[in-house]
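Numbering (this note's numbering), first residue to last: 30 to 181. Even glycine gets a Cβ: it sits at the ideal position worked out from N, Cα and C. Bear in mind the structure is a predicted one, so any value in this text is a computation, not a measurement.
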Amino acid sequence: MKRFRYSLDTVLSYKTQVLDGLKREHAAMLKKVNDKKEEIRQLNGELCEFEGSFDETKSAGASIETYLLYDMCIDRKKEQIEQEKEHLVILKKREEKKKIEVIDAKVDTSKFEKLKDRRLQEYRAAEQKEEEAFVEEFVIHNMIAESLGYRG
Numbered sequence: 030m031k032r033f034r035y036s037l038d039t040v041l042s043y044k045t046q047v048l049d050g051l052k053r054e055h056a057a058m059l060k061k062v063n064d065k066k067e068e069i070r071q072l073n074g075e076l077c078e079f080e081g082s083f084d085e086t087k088s089a090g091a092s093i094e095t096y097l098l099y100d101m102c103i104d105r106k107k108e109q110i111e112q113e114k115e116h117l118v119i120l121k122k123r124e125e126k127k128k129i130e131v132i133d134a135k136v137d138t139s140k141f142e143k144l145k146d147r148r149l150q151e152y153r154a155a156e157q158k159e160e161e162a163f164v165e166e167f168v169i170h171n172m173i174a175e176s177l178g179y180r181g
């Protein structure tokens, strides 16, 4: 019997390459999301530092200009944080879309893998039947040869 060959191997290979590419893209998107979360965390830390410095300055007493400067810095930092949070929401949506693409590609690829496994099982079953038929034919041939008196 000839060797097993899956006729859709090129399609499976292509689907696997697409899946691998999508996984890499998804990983990159996840990294962007995590980097943005870290950036927001750092901005919140800077905001806390400004607020702490402002409280110290208020306690020690300072000019109106200093108060206004702190107030502007704090407001600007809060605006930055809000902008980055909005950007994070956008990144999360993109990451979620990419995740869905990965899942769809995985389902598509697994269909071809399961089909290949099924065809391989069918091939092995046919190979087993062929081998059994050969052995049976060999035994019958030997029994006929013995009954006719041939000694081989």
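Distance check between Lys122 and each of Val62, Thr45, Met101 places Val62 closest, using alpha-carbon atoms only. Distances from the alpha-carbon of Val47 to those of Lys126, Val131, Asp38, Asp104 put Val131 closest. Distance check between Val118 and each of Glu85, Asp64, Ile173 places Asp64 closest, using alpha-carbon atoms only. Between the alpha carbons of Cys77 and Leu97 lies a gap of roughly 17 Å.
The straight-line gap separating the alpha-carbon atoms of Glu159 and Lys127 is approximately 48 Å.
Under the 10 Å beta carbon count, His55 is surrounded by 16 or more other beta carbons and is classified as buried. According to the DSSP assignment, Lys121 belongs to the alpha helix (DSSP H) that extends over 93-176.
Annotation for Ile69: Ile110, Glu113, Lys114, Leu117 place their beta carbon closer than 7 Å to its own, counting only its chain and skipping 5 residues before and after.
Taking the Cα positions, Lys66 is about 58 Å away from Gln157. Ser88 sits in a helix when the DSSP states are folded into three classes. In the same chain as Thr95, and ignoring 5 residues on each side of it, the C-beta atoms closer than 8 Å to its own belong to Thr86, in chain order. The beta carbon of Lys52 sits closer than 8 Å to those of Val131, all from its chain and outside the five residues before and after it, given in chain order.
Around the C-beta of Glu124, 16 or more other C-beta atoms lie within 10 Å, and the residue is accordingly described as buried. Proximity to Ala134 across Val164, Glu108, Arg34, Tyr43 peaks at Tyr43, based on C-alpha coordinates. Apart from the 5 residues on each side of it in sequence, Leu149 sits with its Cβ closer than 7 Å to the Cβ of Phe33 in its chain, given in chain order.
A residue is called buried when at least 16 other Cβ atoms come within 10 angstroms of its Cβ; Thr39 does not meet this threshold and is exposed.
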